[in-house]
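Student: The following block contains the structure, expressed as structure tokens.
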Amino acid sequence: MLCKKLLPMICFISLQIYTFNYNLDWQSFFQYIDIIETKFKDASHITIVRNNKTGELFLIKQKKFKLFSETFAIKETLASYIATSTSIPSQKVWIIPKNTVNNLHYKNQIATLHTFLPGETLLINNIYQDLDIRQRYSKDMDPKKMGITRNVIHQMSRHPDLPKIAALDTAVGNVDRSLHNILYDKKTDRFWSIDMDNSFYINLCEIAIQQIKSITRDRTITFSLKEIQALTIYRDTLIEFIRSNHPKQIVDLLFSITKYTGICKRIFNKEQKLHGDSFILYLIYGYKKNIIQSYRSAKELVFFLNKLLQNHVVDHSPDE
Ligand SMILES: Nc1ncnc2c1ncn2[C@@H]1O[C@H](COP(=O)(O)OP(=O)(O)OP(=O)(O)O)[C@@H](O)[C@H]1O
Ligand SMILES: [Mg+2]
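Next up, the structure:
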């Protein structure tokens, strides 16, 4: 019985490796690295580094808690791939497997390397400090407050980058878009997505379908022109996501990144019995399921967004 369950798990190791550069020659990379700053955040240790040849800045992130830290690194990397392949303003992420280099804060633990993005989190005093594009979800929550609510639609109409980031969150099930996890660069007037390591739990596309259906049914709800423009960008970004991220490719990538982290060796012990890390594999298969279901729902969501955009009522009173 257990064997039947384990067989597909073993098979993933031989799956085709999708070509995405989530690894680097780490010895060479760290030869030219100077540490600029280190800091503890709530959940992570952050090191900002500079390549002393090119001047490029990067950020190294390690979770404070070792337990399941590989899964966070895997999700961060995968979500950054989806974002960058869908032209969503986002960081790019690489995985540094544990024991690869000596200069990490937690020596014996996985890390991720991120492109260092300009700007500040929105907690700093600025015109967006009350922004709220978080698509919430919890089991006991009133369904009206989940996912893409009427308020989130309004919020994402405040800047053309926001509906793109909101579409990314819907597509990958990221419920963690707090003000800590978005950067705003005043100089260029651009938003950037960071911190996607809580993705792939929830099918936010399905939740968005329910919201969009209920908004469409309610004839008292109207939209400003800006909100319609935001919904159009949101829909178009989802279409681009569907075109560039076939679930087979994403699942292959999920498995090849998982293999690269080195956890596969620890899944079974010498007697081929399940090891402590096998729970990680259970989680990985949960992400796979989420990727496939969310992709299917994303297509359906586009259908309902089209319906809404065709039949909406525009409120011509000026935006706030
Ligand atoms: N790519 C990046 N470019 C610039 N700054 C970044 C980048 N990624 C993260 N940061 C900074 O580091 C902080 C912590 O990163 P991140 O949110 O990914 O980690 P975390 O584990 O969620 O920590 P926290 O619990 O504080 O949110 C961010 O709030 C931001 O200030
Ligand atoms: Mg964060």
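Residue 0 is where the sequence shown starts when you use numbering that gives the first Met the number 0, and the numbers rise one by one after that. Where is the CB? At the ideal position from N, CA and C, for every residue including glycine.
1) Taking only runs that begin and end inside the region 65-121, name each unbroken beta strand (DSSP E) of 3 or more residues, in chain order.
2) Kindly provide the chain-ordered list of residues whose Cβ lies closer than 7 angstroms to any non-hydrogen atom of ligand 1.
3) Taking the alpha carbon of K40 as the point to measure from, which residue in Q134, L58, P117, Q26 has its own alpha carbon closest?
4) According to DSSP, what are the bridge partners of D184?
5) Just the C-alpha distance for P115 and Q90, rounded to the nearest angstrom, thanks.
6) Would you call K74 buried or exposed, if buried means 16 or more other Cβ atoms sit within 10 Å of its Cβ?
7) Spatial neighbours of N289 within its chain, please: CB distance less than 7 angstroms, with the 5 preceding and 5 following residues excluded, ordered by chain position.
8) Given this structure, state the Cα-to-Cα distance separating I47 from S84, to the nearest angstrom.
9) Less than 8 angstroms separating the beta-carbons of N125 and K185?
10) Across the region 61-69 and the region 93-113, are there enough close Cβ pairs to call them in contact, namely three or more that are closer than 8 angstroms?
11) What's the gap between the Cα of N180 and the Cα of Y136?
12) Applying the criterion that 16 or more other CB atoms from any shown protein chain within 10 Å of the CB defines a buried residue, is F71 buried or exposed?
13) Find the nearest neighbour of R176 within the set Q134, N102, M145, judged by alpha-carbon distance.
14) Starting from the Cα of T37, find the closest Cα among R49, F28, Q30 and give me that residue.
15) Quick check on I220: does DSSP put it in helix, strand or coil?
16) Please give me, in chain order, every unbroken run of the beta strand (DSSP E) with length at least 3 that falls completely inside the region 149-185.
Tutor: The answer reads as follows:
1) Entirely contained in the region 65-121, the beta strand (DSSP E) runs reaching 3 residues are, in chain order, 92-95, 110-114.
2) Checking every Cβ against the heavy atoms of ligand 1 under 7 angstroms gives K40, D41, A42, S43, I45, L58, K60, K62, Q90, H113, T114, F115, L116, T120, H179, N180, L182, I193, D194, D196.
3) Of the candidates Q134, L58, P117, Q26, the one whose C-alpha sits nearest the C-alpha of K40 is L58.
4) BP columns for D184 point to R189.
5) One point to set straight first is that residue 115 is Phe, not Pro, in the sequence displayed. F115 and Q90 have their C-alpha atoms spaced approximately 7 angstroms apart.
6) Result: buried.
7) For N289, where only same-chain residues beyond five positions count, the Cβ hits under 7 angstroms are G172, F199, Y200, N202.
8) C-alpha separation (whole angstroms): 25 angstroms.
9) In this structure, K185 lies closer than 8 angstroms to N125 by Cβ.
10) The region 93-113 and the region 61-69 touch, with three or more beta-carbon pairs separated by less than 8 angstroms.
11) In this structure, the straight-line span from the alpha carbon of N180 to that of Y136 is close to 17 angstroms.
12) Classification of F71: buried, given that the 10 Å Cβ count is 16 or more.
13) With distances taken between CA atoms, R176 lies nearest to Q134 out of Q134, N102, M145.
14) Cα-wise, what sits closest to T37 is R49.
15) Coil, per DSSP.
16) Along the length of the region 149-185, whole beta strand (DSSP E) runs at least 3 residues long occupy 181-184, reported in chain order.
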